[in-house]
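Residue numbers (the numbering used here): 2 to 626.
Each residue gets a CB set at the ideal place from its N, CA and C atoms; glycine is no exception.
Model, not experiment: these values are computed from the prediction.
What follows is one structure encoded as structure tokens, with my remarks underneath.
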């Protein structure tokens, strides 16, 4: 999901690259570190680890090794890595005298969850601005309830509004779930305020609605042309803007809204985002489309010890070419930070009807004819090809946002050309979302060594919408075709694309297994996979996607002691209950970094207290411009 970060870096204060929904940049920069290495060496020298010796037992320890479930009775951990996985008797024989014991109390231990794709910074914004999500993540069901939620947030957040020079901001509305089945317009939003500018972001992150005051400040009127790669929607039979913006048209609006936000607010957003992932069991997370300033912001956080988990950043290759040529990608972490490769976004979202399809949408957006198929982010094939070639020349892993099958065709074609020119290596390039990926495209992708990262949560959140509004019942059955990929013995991953969906991994597993829509229908019975395979997609296979399978993804000797503790075993509960499983604790390199209030063990090992940046550190980040 993602919107183009275009040219915002020089204007915005630290944190908030909103990729998926927004892309806000920071002006923070730090002294360049020597990270331009592509060494295959493990990163244990760079990662903070527990020096304690730990024996873990007393629950279901699911290793995630192999294609069938494998459990062990005990783990031994030393210096942040697993030294033994097997029988409890053998573990005790190898246990050192000073080791601490953790009794799982019948809880389940899994490898720490690995975020195959999301937008880390955006999650902080999601939890700061007005919550306009429908159920189950909010309470907005129609335009009146949306306006009410926005008004209540306005009353309760005057300091934030003042910090943004008067902007009222909301996130997460979904026209598919509004009773009216259309986007709020400028006229609607004027009912909240006609004096303050208002912008609300669509749940997909690819559209937004603004009021008339915002249109005025953005210099958008009937004479304003559509930007390249975006659309300003108009009133019927008129050139007057109706307040709805698509794709590239959203970026300048967000840049204006956040142009003078104090760094303290951005700092708080960033910490909120990190803590949200940690509480959901993630030990490796992704900044899925960064500008240069946002990448450096995360590096600054790493420099002052503010990253408790691994953060992998993928700068936008089109807009951040110079940055990538200067810094390159890195296989090693520096204090939990590295640049993993590059991102390119080739189209929009199917739920927002901006994804680029080979066949028309079932019901086109208002004002579009029956042949409307969405549109590419980069109409010129040469633009995409040149970017792909550049990545090949510098051995950068590519993450390509491609929802529509026409966008996937474009990506496959450019990869094939690049392979012919530069040779096909073990690059593990990724197709992000791959919502409408056809059978023939899966065959091509397998030959090319590509990894599809699916967004199966679409089956629940927009499955009904896809059946009756965007794709029709036949095409909708195949969104996120995990079953087809598995039949081809392809490695694939799953993601939530936060902040599109909150980073709740058990919801990801549930949707991948059950494929149940909001109305209770099963969308694509033949595309279901088992709970074990779904777990593979967020542990073992996700580690493979990151080239980190030697360190992460399974519980075996030599690997990092990255764990998540669950109250129930996902393989031993009815599949309909998977989404309700609770995260009890999260461990990074043997160190507990989160525990639920009701999590107890007989271990003396305590959760590390939250790290709070010293004001001098905040000043350091804010002043390194």
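Comparing alpha-carbon positions, which option in the options lies nearest residue i?
i           : options            : result
residue 532 : 253, 231, 513, 558 : 513
residue 498 : 241, 72, 142, 290  : 290
residue 60  : 106, 94, 97        : 106
residue 211 : 235, 252, 244      : 244
residue 542 : 435, 114, 503, 110 : 114
residue 161 : 131, 425, 149, 415 : 131
residue 321 : 467, 304, 340      : 340
residue 93  : 495, 385, 58, 207  : 58
residue 368 : 354, 489, 359, 383 : 354
residue 147 : 189, 485, 508      : 189
residue 451 : 491, 475, 382      : 491
residue 343 : 323, 592, 361, 495 : 323
residue 156 : 194, 119, 127, 181 : 194
residue 177 : 215, 227, 352, 292 : 352
residue 410 : 444, 180, 371, 576 : 444
residue 276 : 518, 98, 504       : 504
residue 129 : 159, 144, 143, 112 : 159
residue 391 : 458, 317, 260, 468 : 317
residue 143 : 179, 112, 127, 153 : 179
residue 1   : 393, 349, 170      : The requested residue 1 is not part of the displayed model; the chain covers only 2 to 626.
residue 184 : 235, 137, 140      : 235
residue 119 : 548, 471, 454      : 454
residue 80  : 560, 565, 566, 597 : 560
residue 153 : 137, 166, 170      : 170
DSSP has residue i in a bridge; who is on the other side?
i           : result
residue 72  : 63
residue 593 : 588
residue 56  : 77, 102
residue 313 : 287, 339
residue 344 : 317, 400
residue 453 : 432
residue 132 : 172
residue 231 : 248
residue 203 : 174
residue 87  : 75
residue 82  : 79, 561
residue 120 : 288
residue 114 : 283
residue 109 : 61, 567
residue 494 : 454
Using C-beta distances below 6 Å, list every residue in its chain close to residue i, excluding the 5 sequence neighbours before and after it, in chain order.
i           : result
residue 223 : 240, 241
residue 231 : 247, 248, 249, 250
residue 45  : Per-residue confidence for residue 45 stands at a pLDDT of 35, beneath the threshold of 50, marking its modelled position as unreliable; no derived number is given.
residue 516 : 460, 523, 524, 525, 529
residue 302 : 308
residue 134 : 173
residue 434 : 404, 456
residue 574 : none
Measure how close the beta-carbons of residue i and residue j come, nearest whole angstrom, since I'm counting them as under 8 Å.
i           : j           : result
residue 406 : residue 442 : 7 Å
residue 661 : residue 563 : The chain is shown from 2 up to 626; residue 661 falls before or after that span and cannot be answered.
residue 1   : residue 594 : Within the shown structure, residues of the chain are numbered from 2 to 626, placing residue 1 beyond reach of any answer.
residue 358 : residue 473 : So it is not a contact: roughly 11 Å between Cβ atoms.
residue 493 : residue 538 : 6 Å
residue 502 : residue 536 : Not a contact, Cβ separation roughly 18 Å.
residue 286 : residue 116 : 4 Å
residue 413 : residue 449 : 7 Å
Cutting at 7 Å between CB atoms, please list the residues of its own chain near residue i, excluding the five before and the five after it.
i           : result
residue 86  : 64, 73, 76, 556, 557, 558
residue 100 : 54, 55, 56
residue 229 : 249
residue 478 : 524, 525
residue 415 : 385, 386, 389
residue 47  : Because residue 47 carries a pLDDT of 36, less than 50, the predicted location of this residue cannot be relied on, and the following value inherits that uncertainty. Correct list, in chain order: 333, 334, 335, 336.
residue 418 : 386
residue 527 : 484
residue 507 : 579, 580, 582
residue 655 : Missing from the structure shown is residue 655; the chain here goes from 2 to 626 and no further.
residue 274 : 121, 122, 124, 125
residue 568 : 108, 582, 583, 585
residue 383 : none
residue 571 : 510, 532, 536, 579, 582
residue 209 : 200, 201, 202, 203, 246, 251, 254
Apart from the five residues on each side of it in sequence, which residues of its chain come closer than 8 Å, Cβ to Cβ, to residue i?
i           : result
residue 192 : 148
Would residue i count as contacting chain D if we go by Cβ distances under 8 Å?
i           : result
residue 412 : No chain D appears in this structure, which consists of one protein chain only.
Practice item. Kindly provide the ranges of any beta strand (DSSP E) runs that are 3 or more residues long and lie completely inside the segment 394-422, ordered along the chain. Key: If we require 3 residues or more, the beta strand (DSSP E) runs fully inside the segment 394-422 come out as 398-403.
Point to revise | Those runs of the alpha helix (DSSP H) which lie wholly inside the segment 504-560 and span at least 4 residues | key: Within the segment 504-560, the complete alpha helix (DSSP H) runs of at least 4 residues are 506-515, 532-537, 541-546.
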